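Numbering (the working numbering), first residue to last: 134 to 614. Even glycine gets a Cβ: it sits at the ideal position worked out from N, Cα and C. Since the structure is predicted, the reported quantities are computational estimates derived from the model, not experimental observations. One structure is given below, encoded as structure tokens.
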């Protein structure tokens, strides 16, 4: 206010600290608010089953603190550096999202600082419009001060069952059947899904965890898992958290080959924390591009304890030539599409990206008035297709127009009423972004709360200056207005 409100308000967190390939150039010249010390767990209430935290608390800090007392979050996003604030202002997903939804679904209450400096609380019962619009808004309606999250009882181990497939059709049918079992729990559970109540047995049982990995067009594995308090005799113990173990996706591929040979699923038991952070050391499969020898047995034994390097360290130490490669020949995308379109979506990814492995993670999306919701009035199963790495055409030395291919996938995702993760590289115009995301309530609150004069617009934070310039050169000035 003293400056006349000429600068937009952003957090002072530097771009290199973001768990994203983006550099946060939109912050240049903005009014920066330091929130790095807002990293405390304020309360763990096991009686009323919630935890209250500040926005800079990360998963590597929060989840172990809960596990010490036998508790956990309904959905634990994969990377330990991810913060609660990032999961709320953006989103978070994991293999339990088919019944518990995205990270926002088990948020009970948010404390938000508005443009006028006032601090308000919101929930499904108080200031419901702000509560719904704040998720996915990237901190453009206000600044998160604290969040109250639902917690659930945990167990020390996960029983994980590997189902191997040699047909994309069979993979999709089994993945869909197992994932759809979670929708009814999401519909009746709200922020407190109880899988221990009215869950079936055998074929009708809803697994707590469902995840798919596709290694080639007709080769994949679906993993289903549940909490357990002891290691059973039907499988073996696997301690993935030990530094010398192979990357998890490599291990899963080997176990799938074993299951294929045995012609039956293979069961393993993993410590809970090992399971939660199974993809952390390899950053899914990005480390094979960053440290090509990282999964070599000799390297793992001698230096595996050093992995993964922090995303911030990688961004700071990336040479300009390599950064240019990432910007033009490297894909990091998570597209959320209705599960009914999974086979068609895989074909689109194959056509435009042609890269493996692919992450196939289920989630239930509910109807609401926020930026992301179902098109009707019912909960709906979606799939997150994650593509991370170098496209096949680039590996073969062929010409590859990254922007053209990403824009084609974005157009498809919009056509099936799907969504693109905000952290990913986006090349949508402002109009196309508004077509993918429902901005009605968001725009109304921007004006009502004075956020339009205090905070950047969400589009300007997602499609950063460098990409805006590219879009203007390709499509003209009107594309980004």
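Spatial neighbours of residue i in its chain, beta-carbon cut-off 6 angstroms, leaving aside the 5 residues before and after
i: residue 492; result: 519
i: residue 415; result: 380
i: residue 400; result: 294, 367, 368
i: residue 319; result: 232, 234, 497, 512
Secondary structure of residue i, DSSP reduced to three states
i: residue 422; result: helix
i: residue 547; result: helix
i: residue 162; result: coil
i: residue 349; result: strand
i: residue 267; result: helix
i: residue 376; result: coil
i: residue 197; result: helix
i: residue 168; result: coil
i: residue 176; result: strand
i: residue 381; result: helix
i: residue 219; result: helix
i: residue 475; result: helix
i: residue 507; result: coil
i: residue 430; result: helix
i: residue 286; result: strand
i: residue 309; result: helix
i: residue 613; result: helix
Straight-line Cα distance separating residue j from residue i
i: residue 546; j: residue 212; result: 25 angstroms
i: residue 287; j: residue 171; result: 27 angstroms
i: residue 421; j: residue 344; result: 21 angstroms
i: residue 481; j: residue 417; result: 21 angstroms
i: residue 439; j: residue 263; result: 42 angstroms
i: residue 593; j: residue 509; result: 29 angstroms
i: residue 564; j: residue 614; result: 8 angstroms
i: residue 557; j: residue 193; result: 22 angstroms
i: residue 577; j: residue 571; result: 11 angstroms
i: residue 601; j: residue 385; result: 39 angstroms
i: residue 479; j: residue 250; result: 46 angstroms
i: residue 411; j: residue 226; result: 14 angstroms
i: residue 419; j: residue 609; result: 34 angstroms
Cβ separation of residue i and residue j, assumed to be a contact under 8 angstroms, to the nearest whole Å
i: residue 173; j: residue 187; result: 5 angstroms
i: residue 183; j: residue 314; result: Not confirmed; about 26 angstroms, so no contact.
i: residue 488; j: residue 464; result: 7 angstroms
i: residue 346; j: residue 490; result: 5 angstroms
i: residue 433; j: residue 377; result: 5 angstroms
i: residue 567; j: residue 265; result: So it is not a contact: roughly 18 angstroms between Cβ atoms.
i: residue 527; j: residue 470; result: No, residue 527 and residue 470 are not in contact; Cβ-Cβ is about 24 angstroms, not under 8 angstroms.
i: residue 535; j: residue 461; result: 5 angstroms
Identity of the residues DSSP links to residue i by a beta bridge
i: residue 414; result: Residue 414 pairs with nothing; no bridge assigned.
i: residue 517; result: 469, 494
i: residue 501; result: Answer is none; residue 501 lacks a bridge partner.
i: residue 255; result: 243
i: residue 553; result: 468
i: residue 294; result: 357, 400
i: residue 234; result: None, per the DSSP bridge assignment.
i: residue 144; result: 166
i: residue 280; result: 186, 243
i: residue 580; result: Answer by DSSP bridge pairing: none, since residue 580 is not bridged.
i: residue 540; result: Per DSSP, none; premise fails for residue 540.
i: residue 342; result: 358
i: residue 563; result: None, per the DSSP bridge assignment.
i: residue 370; result: 402
i: residue 522; result: 464
Chain D within 8 angstroms of residue i, Cβ atoms only
i: residue 167; result: Of the chains in the structure shown, none is chain D; there is only one protein chain.
Contact set for residue i: own chain, Cβ-Cβ below 8 angstroms, skip 5 residues either direction
i: residue 221; result: 188, 236, 237, 240, 243, 267, 268, 277, 280
i: residue 162; result: 140
i: residue 271; result: 222, 223, 555, 591, 594, 595
i: residue 254; result: 242, 243, 244, 245, 260
i: residue 406; result: 196, 197, 200, 374
Contact set for residue i: own chain, Cβ-Cβ below 7 angstroms, skip 5 residues either direction
i: residue 341; result: 229, 328, 358, 359, 360
i: residue 348; result: 386, 489, 490
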